[in-house]
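Quick notes on the structure that follows.
Numbering (this note's numbering), first residue to last: 325 to 780.
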């Protein structure tokens with residue numbers, strides 16, 4: 325960047341208010357310059373016409389003293405003709421009949437008067453500060469003319485005064501324009517600054533407040549709508565972050581508990597090599613489970629953030645359900661039953677994702693069942709259906725509407741350390757692959773949940 329451009333960039337105001345004021349000042353300066361030039365040009369032309377009119381009137385008055393009726397042109401003597409003779413030449417052809425008194429006539433004007441009189445037509449010229457015009461005298465005898473002169477100093481003084489006045493007025497108008505523009509732009513941009521501060525404050529605290537675009541001007545209404553959309557996106561991102569944190573905490577709690585329990589059991593007393601290997605196997609299996617959980621939940625969160633489609637994949641439903649029931653850690657009082665209607669049953673989702681969908685349903689069923697948990701799976705017209713049922717107390721009627729809301733639990737004092745995120749996570753994961761998880765209120769006694777998934 326060369327120096328002139330850098331200097332111009334340094335002088336450019338940084339604020340929108342300053343730039344708009346500068347643009348308004350430049351436009352006003354250009355307009356006033358044009359108007360001033362036009363005004364003074366018109367004024368000069370008007371003053372010139374006034375001077376020519378005064379010269380014409382004097383020439384007409386002098387022409388009344390010129391007698392062209394005889395064989396020769398004669399100048400008649402009249403009372404007070406000294407006023408008429410001031411700055412007046414009378415010619416008969418090229419012959420000078422009368423000239424101004426030496427005290428009032430400028431000798432340099434005589435040659436110009438002679439040239440104008442010789443043209444035998446109306447003609448004007450400016451010599452220095454004097455305007456001089458020749459007018460033919462009407463009559464039967466041609467060749468007579470009157471030349472009059474007028475000092476333009478008063479007219480030029482008036483023109484200079486008008487020019488100075490117009491320039492002074494221009495400066496005052498430019499100053500007022502700049503000040504009023506800054507004031508008007510500042511008042512117009514005040515709501516924008518207020519909206520910006522509000523948006524910053526609301527986004528920091530994830531507020532539900534939004535701008536009322538209907539009561540604002542069209543430009544600010546569009547800005548308010550854009551800021552509302554931005555705040556909604558920020559709120560969605562914050563909600564997803566909180567949901568992701570809660571889901572990871574919920575899903576990782578079980579394998580972490582297994583690891584802690586195995587290590588506590590292993591450290592309680594000396595163990596044999598076989599028992600140590602068994603503990604290591606349990607810890608390794610729990611660690612692998614944690615890795616699968618992290619990959620599944622994080623991949624789902626990443627795909628939701630990028631709004632991309634999930635790779636469908638396929639899962640052997642019977643194998644996944646059998647593995648989940650085997651690793652479930654069912655209490656002695658509860659037995660599990662797996663019913664698969666067809667030997668080959670594949671769901672259109674990855675095995676890890678199917679585990680994350682069915683796992684929370686099984687955990688809840690085992691926790692609340694009195695004696696039996698039944699898992700059945702089979703094909704339906706829309707894809708695959710998996711039912712998870714128990715014979716426990718069931719879902720309270722007043723809690724059905726909040727069953728799939730994150731963080732809600734039917735009985736927070738039941739001694740279970742859950743966070744109320746299992747069922748919402750299961751439903752959301754199922755919906756990401758085109759399925760769903762619903763509560764079956766017709767199943768009694770106990771609770772029943774139905775999982776619908778696309779076929780593989």
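Glycine included, each C-beta is placed from N, C-alpha and C at the ideal position.
All of these numbers come straight from a predicted model, not from anything done at the bench.
Check, Outcome
"Ranges of the alpha helix (DSSP H) found wholly within the region 353 to 428, counting only runs of at least 4", "405 to 409"
"Straight-line gap, residue 550 to residue 706 (C-alpha atoms, nearest Å)", "40 Å"
"Three-state secondary structure assigned by DSSP to residue 769", "coil"
"Start and end residues, beta strand (DSSP E) containing residue 717", "Careful: residue 717 lies outside any beta strand (DSSP E) and carries neither H nor E."
"Reference residue 483, options 515, 439, 372 and 667, closest by Cα", "372"
"Ranges of the beta strand (DSSP E) found wholly within the region 637 to 684, counting only runs of at least 3", "659 to 664"
"Nearest-angstrom Cβ-Cβ length linking residue 780 and residue 638, presumed shorter than 8 Å", "4 Å"
"Buried or exposed (CB count within 10 angstroms, at least 16 for buried), residue 289", "The chain is shown only over 325 to 780; residue 289 falls outside these bounds and no answer can be derived."
"Local conformation of residue 776 per DSSP, three classes", "strand"
"Alpha carbon of residue 516 to alpha carbon of residue 353, nearest angstrom", "29 Å"
"Residue 594 versus residue 583 - alpha carbon distance", "18 Å"
"Environment of residue 693 [buried if 16+ CB atoms lie within 10 Å]", "buried"
"Start and end residues, alpha helix (DSSP H) containing residue 756", "746 to 756"
"Close-in-space but distant-in-sequence residues of the same chain around residue 417 (CB under 6 Å, 5 per side omitted)", "467"
"Residue environment, residue 345, which counts as buried when at least 16 other CB atoms sit within 10 Å", "buried"
"Contact belief for residue 641 with residue 664 at Cβ below 8 Å, rounded distance in angstroms", "7 Å"
"7 Å Cβ cutoff, residue 495 in contact with chain C", "Of the protein chains in the structure, only one exists, and it is not chain C."
"Nearest-angstrom Cα separation, counted from residue 379 out to residue 342", "54 Å"
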